[in-house]
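Peer 1: The opening residue of the sequence shown carries number 3 in this note's numbering; numbering runs sequentially from there.
For glycine and all other residues, C-beta sits at the position ideal for the given N, C-alpha and C.
Only a predicted model underlies this, so the values are computations on that prediction, with no experimental measurement involved.
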Amino acid sequence: MSEAHPEMLVGAGTVLTTEQVDRAVEAGAKFIVSPGLNPKVVKYCIEKNIPVTPGTQTPSEMELALELGLDTVKFFPAEPAGGLKMIKAVAAPYTTLSFMPTGGINAQNVKEYLAYDRIVACGGSWMVKGDLVKAGKFDEIRELVREAAAIVKEIRG
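Now the structure itself:
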């Protein structure tokens, strides 16, 4: 994807090990996202100057992210973990921390998340559903992504 579309910023998600970091970067990933905060993976990415956004859910994990030098974390799984109310509650003492919620984000609730200034981005699989990929329905995926981009533009300008 990186070779075919060099104008795109391509990252890798659900990265769990340093070996997966290496494979993702070799495949063209410019950033790494993980479901949890594995200090070994985070330190490895920092040493290699690879942007990394680990998943967090608790204040302790957020403090560890700050201790490791990060200023943005994934909040996962967002909706099951309390959603925007939880993010706002834990964000209060961590004034330098920004969030990227994923998990349960969809076209119906993404506006609410994006309206909060401490949210840098939202992840949502509703745009690229597995069944659409398997069926090769890339026009439908393109339309869902366009709709998501329009929502971002409406909220963020």
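1. Return the chain-ordered list of same chain residues with a C-beta closer than 8 Å to the C-beta of A83, the five sequence neighbours on each side being excluded.
2. Could you tell me which residues DSSP puts in a beta bridge with K76?
3. Do you know offhand how far W128's Cα is from Y46's?
4. Output needed for G125: all residues of its chain with C-beta closer than 6 Å, excluding positions within five of it in sequence on either side, in chain order.
5. Would you kindly report the start and end of the unbroken alpha helix (DSSP H) that includes V35?
6. Quick one: residues in its chain with C-beta nearer than 8 Å to the C-beta of N108, no 5 flanking neighbours on either side, listed in chain order?
7. What is the DSSP secondary structure of G132, counted as helix, strand or coil?
8. Using the DSSP secondary-structure output, state which residues sit across from A14 in a beta bridge.
9. Express the C-alpha separation of S100 and L86 in angstroms, rounding to a whole number.
10. Quick check: the Cα distance between V130 and P37, rounded to an integer number of angstroms?
11. So is T98 buried or exposed if we call it buried at 16+ other beta carbons inside 10 Å?
12. Determine the DSSP secondary structure at I52, reduced to helix, strand or coil.
13. How is I143 classed by DSSP in three states: helix, strand or coil?
Peer 2: Result, derived from the coordinates:
1. Counting from one through the sequence shown, the residue named residue 83 turns up at place 81. Closer than 8 Å at Cβ, skipping near neighbours: Q59, F77 and G105.
2. Walking along the sequence shown from the start, residue 76 turns up at place 74. K76 has G57 and M102 as its beta-bridge partners, per DSSP.
3. Along the sequence shown, read from residue 1 onward, the residue named residue 128 stands at position 126. Along the sequence shown, read from residue 1 onward, the residue named residue 46 stands at position 44. Their Cα atoms are separated by approximately 31 Å.
4. Working through the sequence shown from its first residue, we reach residue 125 at position 123. Excluding residues up to 5 positions away in sequence, T104 lie with their Cβ nearer than 6 Å to the Cβ of G125 in the same chain.
5. Walking along the sequence shown from the start, residue 35 turns up at place 33. First-last for V35: F33 to V35, but that is the beta strand (DSSP E), not the alpha helix (DSSP H).
6. The residue labelled residue 108 in the question sits at position 106 within the sequence shown. So the qualifying residues of the chain are G126 and W128.
7. As a first step, residue 132 must be located in the sequence shown, where it is residue number 130. Three-state DSSP puts G132 in a helix.
8. Translated into the one-based positions of the sequence shown, residue 14 becomes position 12. Answer is I34.
9. Mapped onto the sequence shown, residue 86 falls at position 84. Mapped onto the sequence shown, residue 100 falls at position 98. One alpha carbon belongs to L86, the other to S100, and they sit about 13 Å apart.
10. For the purposes of this step, residue 130 is taken as the residue at position 128 of the sequence shown. For the purposes of this step, residue 37 is taken as the residue at position 35 of the sequence shown. C-alpha separation (whole angstroms): 18 Å.
11. Numbered from 1 along the sequence shown, position 96 holds the residue referred to as residue 98. When all chains shown are included, T98 counts as exposed.
12. To locate residue 52, count along the sequence shown from 1; it is residue 50. The three-state reading of DSSP puts I52 in coil, since its state is none of H, G, I, E or B.
13. Reading the sequence shown from its first residue, position 141 is the one you call residue 143. Correct three-state label for I143: helix.
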